[in-house]
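Residue numbers (my numbering): 14 to 398.
Below is the structure:
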């Protein structure tokens, strides 16, 4: 469900004349030699070059202001070199996909965000396709800087505002969820988590996935730390996850069956975990299978099921570098949930196939795997409907 977080109305500072700069040089050059010019780009405060660019821009455009009091600004430069300047009150709103129902004027936290699709300026901000802009914003303790001086270097180029909002949404999302992205980029760390059945599930984004990664990264008192993490998913937290499932008719039709498996998990004993896994795994496949059949009117192969989830997820999570991670989730389905088994090599890790064929190892029916089965179903419901 998409919600808009809207700003209040802010009037810009009007500037009569600004310098007409083309960008920043990318290399040294002697007089008469070719030099490359960076006229458009995004940079953030983890990069050394950010400080060079922001210093230059501050000296040119913000020299009348105390920069140590500035935490965001927007400069819109018109073709006649007049400009609109917003300082510390840049009128923006985010368009997000929310994890839960949200009421108008309700506070939104990072834990409520399933994805950020756009960052837009308010409708009353005068930004046209042939204007230049400089935008600096703060996310937590990090800064992002974007500039586009296109009209100086190429008068035939113009801003595509609809695409710009999507790009801004990604830049903001990148800084807000930088830890999540960095975990996936850390191949060794992420593969360790992945092989244990973990994924950046929607419900873990914003805090829990970071805590989990720290446990894997530090490995200090690993077993106790993991158990504490799992135990934090108490009855209230589990129920907050499943509340929205029943709005989907295919899931609603299975409500009694699924709730029985959730209640089994909440028994908090080995019998409950076995019961949860053994019965929830086929229901996960069944929901995908019935959704596929209702759309295609034919029987799917396992690959068809995984392709179907990936395609639906990509249609749902259309933003740049989506937090739904649809391609990565396809790999998760292939290599974890729908992983095949081999008795000869004793490769029988817990999966849909090993549980249904009765060859899963008894010691794999754990509370961790039971919780993962709930998170997998939640990811499926969130992705394909």
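Glycine included, every Cβ here is placed at the ideal spot set by N, Cα and C.
| Asked | Found |
| --- | --- |
| Can you give me the C-alpha to C-alpha distance between residue 206 and residue 229, rounded to a whole angstrom? | 7 Å |
| With burial defined as no fewer than 16 other Cβ atoms inside 10 Å of the residue's Cβ, what is the status of residue 103: buried or exposed? | buried |
| Pull up the distance between the alpha-carbon of residue 204 and that of residue 382, whole angstroms please. | 17 Å |
| If I measure Cβ to Cβ from residue 367 and keep anything under 7 Å in the same chain, skipping five residues before and after, which residues do I get? | 354, 361 and 373 |
| Residue 108 and residue 130 - do their beta-carbons sit closer together than 7 Å? | yes |
| Going straight from the alpha carbon of residue 321 to that of residue 358, what length do you get? | 31 Å |
| Spatial neighbours of residue 259 within its chain, please: CB distance less than 6 Å, with the 5 preceding and 5 following residues excluded, ordered by chain position. | 265 and 268 |
| According to the Cβ coordinates, are residue 286 and residue 208 closer than 7 Å? | no |
| Residue 329 and residue 396 - do their beta-carbons sit closer together than 7 Å? | yes |
| For residue 31, which of 92, 252 and 64 has the nearest alpha-carbon? | 92 |
| Taking residue 257 as part of the alpha helix (DSSP H), name the residues at either end of that continuous run. | First-last for residue 257: undefined, no H or E at that position. |
| Identify the residues that DSSP records as bridge partners of residue 96: which are they? | 28 and 90 |
| Is it buried or exposed, residue 174, if we count other Cβ atoms within 10 angstroms and call 16 or more buried? | exposed |
| The beta strand (DSSP E) with residue 133 in it runs from where to where? | 126 to 134 |
| With DSSP run on the structure shown, which of helix, strand or coil describes residue 62? | helix |
| Going by other Cβ atoms of all chains shown within 10 Å of its Cβ, with 16 needed for buried, is residue 62 buried or exposed? | exposed |
| Is the number of C-beta pairs between the stretch 119 to 133 and the stretch 179 to 191 that are closer than 8 Å three or more? | yes |
| Are three or more beta carbon pairs between the stretch 43 to 58 and the stretch 75 to 89 nearer than 8 Å? | no |
| If you draw a straight line from the C-alpha of residue 172 to the C-alpha of residue 311, how long is it? | 45 Å |
| For residue 365 versus residue 350, is the C-beta spacing smaller than 7 Å? | yes |
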